[in-house]
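Residue 130 is where the sequence shown ends in the working numbering, and the numbering goes up by one at each step.
Glycine is no exception: its CB is placed at the ideal position from the N, C-alpha and C atoms.
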Amino acid sequence: GTQLFETLGLEGEISLAIQKLKEWAAPRPVEKNLLTLSDTVYIQPEPLGVVLIIGAWNYPWAVTIQPLIGAIAAGNAAVVKPSEVCVHTAKVMEDLLPLYIDKVRDDPHKAKEIGVLKRMNVLTWFNAIMHI
């Protein structure tokens, strides 16, 4: 039931992100006007920063991992906070996610943020990091 729904949905999201990533990251031409007639004009997608993902208890994998796929595809860093109600799911995510994605704590430039994270709850930390 639910596990199959979540797994198939996530597999579809990952496949879509892999398939479309080049297209999503490519510059998009825009219409020229009198001021830009002699220029090459385009919109270049760029990562905007840090994404906070707070998981839910009812679909813990889908509601946590699906936004993570989008955040990574967009080139952003992400703070993942699984639901504390789904203790076992949170533990599996804690154990497995670092095996497949980069950990912030491995980056010496992020030491300030990690120190803050240990002292504050995740929402307060997210607000603080957005202003660093």
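A straight-line Cα-Cα distance of about 6 angstroms links Ala23 and Pro43. Val78 carries a strand assignment under DSSP once its states are collapsed to helix, strand and coil. One thing to note: Ala69 has its Cβ within 8 angstroms of the Cβ of Val49.
Here the C-alpha atom of Val77 lies approximately 21 angstroms from the C-alpha atom of Glu9.
Between the region 76 to 94 and the region 53 to 67, the count of C-beta pairs closer than 8 angstroms reaches three or more; the two stretches touch.
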